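When you line the sequence shown up against this note's numbering, it's residues 216 to 346, in that order.
Contents: one structure, followed by commentary.
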Amino acid sequence: MKNTKSNNEDLRQRLTAEQIQVTQNKGTERAFTGRYVNHKEDGTYACVCCGAKLFSSEHKYDSGSGWPSFFLPLAGETVRTVRDTSHGMIRDEVVCNNCDAHLGHVFEDGPQPTGLRYCINSASLDFKKPD
Ligand code: FE
């Protein structure tokens, strides 16, 4: 499901202004304001736009950054990275591989075993309890 016009209409009906700003316009929620920063329940974090399952609570950790942080995405081609040179920085943007929604950025200062920190906006995520 790519970002077609009808899909955009659907998102505008379903999502908050902040969720739209983050996922569609590459916005960033303010640190420590997102609903999943300190969320520790077992389950899966799906894309708020298309519902694709992206991250597991098993790989979530407290980075102290103020955003939900994961050291690994779920197996498979769930997310992909895009080089981002905006704001005078070279970063790797993380997007939903299914619908291209902006999720956050990935940095190389995460914990082992991956050494990666997927720094993800709560506004891009929809937590699902285990089935
Ligand atoms: Fe998506």
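Every residue gets a Cβ at the ideal spot worked out from N, C-alpha and C, and that includes glycine.
Note that this is a predicted model, so its numbers are computed, not measured.
- Between the ligand FE and the CB of Ala-316, the shortest heavy atom gap is smaller than 7 Å.
- Contact between Leu-331 and Phe-286 is confirmed by a C-beta separation of about 6 Å, below the 8 Å threshold.
- Per DSSP, Ala-232 is one residue of the alpha helix (DSSP H) stretching across 232-240.
- Counting along the chain, Asp-341 sits inside the beta strand (DSSP E) bounded by residues 340-343.
- For Ala-338, the number of other beta carbons within 10 angstroms of its own is at least 16, and it is reported as buried.
- For the pair Ala-232 and Cys-265, the CB atoms are not nearer than the 8 Å cut-off.
- Within the chosen limit of 7 Å, the ligand FE reaches the beta carbon of Ala-267 through at least one heavy atom.
- Residue pairing for Asp-299: DSSP places it in a beta bridge opposite Arg-306.
- The three-state secondary structure of His-320, taken from DSSP, is strand.
- For Leu-269, the enclosing beta strand (DSSP E) stretches over residues 268-271.
- About 6 Å separates the Cβ atoms of Gly-281 and Val-252, confirming a contact at the 8 Å cut-off.
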